[in-house]
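Down below is the structure, laid out as structure tokens.
This is the structure in structure tokens:
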């Protein structure tokens, strides 16, 4: 990352030009920032192809949304990298099944001594102006905690598991680190809300912590500027990463996507998904719609053929039909294949943006229980999957069993006790041998509720 004192103004001018759809400005931004952005994406997702897709998506997003940036909201570089890190997290959630276990087994990131190196590379920058000067005043564990959380698209519990420390310990490291940095840089906020926003920028917060962040965003008009201040500061962490060389075809791929986008906008090929099929209609559709309105005005019912026509063109009809087909498929999947009547079922889904069935827990009327993965899962050496149960929505949990990710797991029915409707089941990723506490020490990968198939009896 070039240490140019005018780079902030330079990036602001580029974003202004991009907002006016000047492609040469986008290419200048690509030439200036793409290598460091690629290094961050590759470290976060571990796969070159995934990182390239995220990089392209990021520049497309900048192209389409540059007009929403103004210098008044905060750092231009912080704004650019906040889009990149959002795209990294979105990609990770969408492809959770293929990335989660690989990331979980990745060792924690160890800090490199960068202060002296940065001083040699950029002697015109005063040491006290550098993040690394103050960052390296923290303990090695505290540095590693901040780096591992920042570079990971997953949750803080996953980062804690990778480091081999408790969630409470990593949160303490984060708190100490943020307080130290806030005291070291006068432009950073030292009040509680500012530090919470700093942790939000680092990433991996729980849902309850995120609710506090959203409350701050709604109440504090200065929150966006504070977020971009932290984002710009943490960009210096990228200096810790292995430099990368971009594939020359990446800009060509981006240029092709821009042309496709322009063509789609010009030809107005974006379709409207509306169950009432409003908007532009073919002549026959318009004629039938007019006929339907006339019948309704006269208080007459539409003939069956006309109703079937509109049903056929309804998006909601096809969505409902697809859902019904899925339920039928699940019913066939879960229907008892022997004389044992199935009594309880829990379908555990993953945490991706589009959740899919990952495990199915079955309990028969005579108390036989089993849990089976619904797709092939690859176990990781040094880690175990552990099944948990809770009757109070996760407030308290009870360990049930360690799971074999490759096949059917038979469970002692006594471990389940007496099942209750909506009893929750969770599967967490734990160090080998499982959690030694009475709750998960690693991250929750899958979850689902028990359903009583005989609730009417």
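Numbering (UniProt numbering), first residue to last: 1 to 457. Every residue, glycine too, gets a C-beta built ideally from N, C-alpha and C.
Going by alpha carbons, who is nearest to residue i out of the options?
{"i": "residue 232", "options": "150, 356, 97", "result": "150"}
{"i": "residue 367", "options": "386, 410, 92", "result": "410"}
{"i": "residue 141", "options": "86, 56, 416, 159", "result": "159"}
{"i": "residue 245", "options": "45, 449, 165, 51", "result": "51"}
{"i": "residue 437", "options": "421, 396, 355, 137", "result": "396"}
{"i": "residue 454", "options": "434, 212, 365", "result": "365"}
{"i": "residue 413", "options": "369, 403, 421", "result": "369"}
{"i": "residue 420", "options": "390, 203, 38", "result": "390"}
{"i": "residue 99", "options": "342, 148, 351", "result": "351"}
{"i": "residue 463", "options": "91, 34, 72, 416", "result": "Since the first and last residues shown for the chain are 1 and 457, residue 463 lies out of range."}
{"i": "residue 241", "options": "97, 139, 213, 110", "result": "110"}
{"i": "residue 13", "options": "104, 372, 76, 181", "result": "76"}
{"i": "residue 152", "options": "221, 192, 416, 42", "result": "42"}
{"i": "residue 16", "options": "371, 133, 66, 427", "result": "66"}
{"i": "residue 439", "options": "155, 432, 388", "result": "388"}
{"i": "residue 131", "options": "401, 70, 239, 220", "result": "239"}
{"i": "residue 415", "options": "19, 400, 427", "result": "400"}
{"i": "residue 169", "options": "157, 179, 180", "result": "157"}
{"i": "residue 199", "options": "179, 184, 218, 19", "result": "179"}
{"i": "residue 459", "options": "341, 398, 97, 405", "result": "Outside the shown range of the chain (1 to 457) lies residue 459, about which nothing can therefore be said."}
{"i": "residue 94", "options": "448, 427, 355", "result": "355"}
{"i": "residue 34", "options": "183, 243, 192, 134", "result": "243"}
{"i": "residue 357", "options": "72, 342, 427", "result": "427"}
{"i": "residue 363", "options": "347, 21, 37", "result": "347"}
{"i": "residue 105", "options": "452, 73, 154", "result": "154"}
{"i": "residue 8", "options": "250, 161, 71, 249", "result": "71"}
{"i": "residue 408", "options": "433, 392, 361, 181", "result": "361"}
{"i": "residue 394", "options": "263, 446, 211", "result": "446"}
{"i": "residue 68", "options": "18, 184, 223, 441", "result": "18"}
{"i": "residue 181", "options": "223, 136, 83, 215", "result": "136"}
{"i": "residue 425", "options": "442, 398, 435, 441", "result": "398"}
{"i": "residue 250", "options": "22, 30, 20", "result": "30"}
{"i": "residue 261", "options": "434, 248, 37, 57", "result": "57"}
{"i": "residue 374", "options": "248, 97, 290", "result": "97"}
{"i": "residue 74", "options": "62, 264, 223", "result": "223"}
Under the assumption that residue i contacts residue j (Cβ atoms under 8 angstroms), give the Cβ distance between them as a whole number of angstroms.
{"i": "residue 146", "j": "residue 194", "result": "The pair is not a contact, with the Cβ atoms about 16 angstroms apart (cut-off 8 angstroms)."}
{"i": "residue 383", "j": "residue 418", "result": "Residue 383 to residue 418, Cβ: 31 angstroms. No contact."}
{"i": "residue 257", "j": "residue 60", "result": "6 angstroms"}
{"i": "residue 344", "j": "residue 450", "result": "5 angstroms"}
{"i": "residue 423", "j": "residue 403", "result": "Wrong, their Cβ atoms sit about 18 angstroms apart, outside the cutoff."}
{"i": "residue 234", "j": "residue 201", "result": "6 angstroms"}
{"i": "residue 108", "j": "residue 144", "result": "5 angstroms"}
{"i": "residue 221", "j": "residue 197", "result": "With 8 angstroms as the limit, residue 221 and residue 197 do not qualify as a contact, their Cβ atoms being about 13 angstroms apart."}
{"i": "residue 11", "j": "residue 80", "result": "7 angstroms"}
{"i": "residue 341", "j": "residue 448", "result": "Contact doesn't hold; Cβ gap of about 21 angstroms is too wide."}
{"i": "residue 162", "j": "residue 148", "result": "6 angstroms"}
{"i": "residue 82", "j": "residue 134", "result": "Not a contact, Cβ separation roughly 22 angstroms."}
{"i": "residue 464", "j": "residue 443", "result": "The structure shown does not extend to residue 464, since the chain is modelled only from 1 to 457, so the question has no answer here."}
Should residue i be listed as close to the ligand FAD, given that the test is whether its C-beta is under 7 angstroms from any heavy atom?
{"i": "residue 402", "result": "The ligand FAD is not part of the structure shown, which contains no ligands of any sort."}
Can you tell me which residues form a DSSP beta bridge with residue i?
{"i": "residue 498", "result": "Within the shown structure, residues of the chain are numbered from 1 to 457, placing residue 498 beyond reach of any answer."}
{"i": "residue 448", "result": "425"}
{"i": "residue 51", "result": "Answer by DSSP bridge pairing: none, since residue 51 is not bridged."}
{"i": "residue 419", "result": "Paired residues: none, contrary to the question."}
{"i": "residue 430", "result": "384"}
{"i": "residue 347", "result": "360"}
{"i": "residue 411", "result": "369"}
{"i": "residue 403", "result": "385"}
{"i": "residue 398", "result": "389"}
{"i": "residue 342", "result": "364"}
Contact the segment 79-95 vs the segment 40-56: 3+ CB pairs below 8 angstroms: yes
4 or more residues per run - each alpha helix (DSSP H) lying fully within the segment 133-174: 140-151, 156-163
Ordered list of alpha helix (DSSP H) runs contained in the segment 175-233, each at least 4 residues: 192-202, 207-219
Alpha helix (DSSP H) segments (min. 4 residues) lying fully within the segment 241-267: 249-267
Touching by the beta-carbon criterion (3+ pairs, under 8 angstroms), the segment 222-231 and the segment 161-173: no
Any 3 or more C-beta pairs closer than 8 angstroms across the segment 203-213 and the segment 181-191: no
Runs of beta strand (DSSP E) wholly within the segment 6-80 (minimum 3 residues, chain order): none
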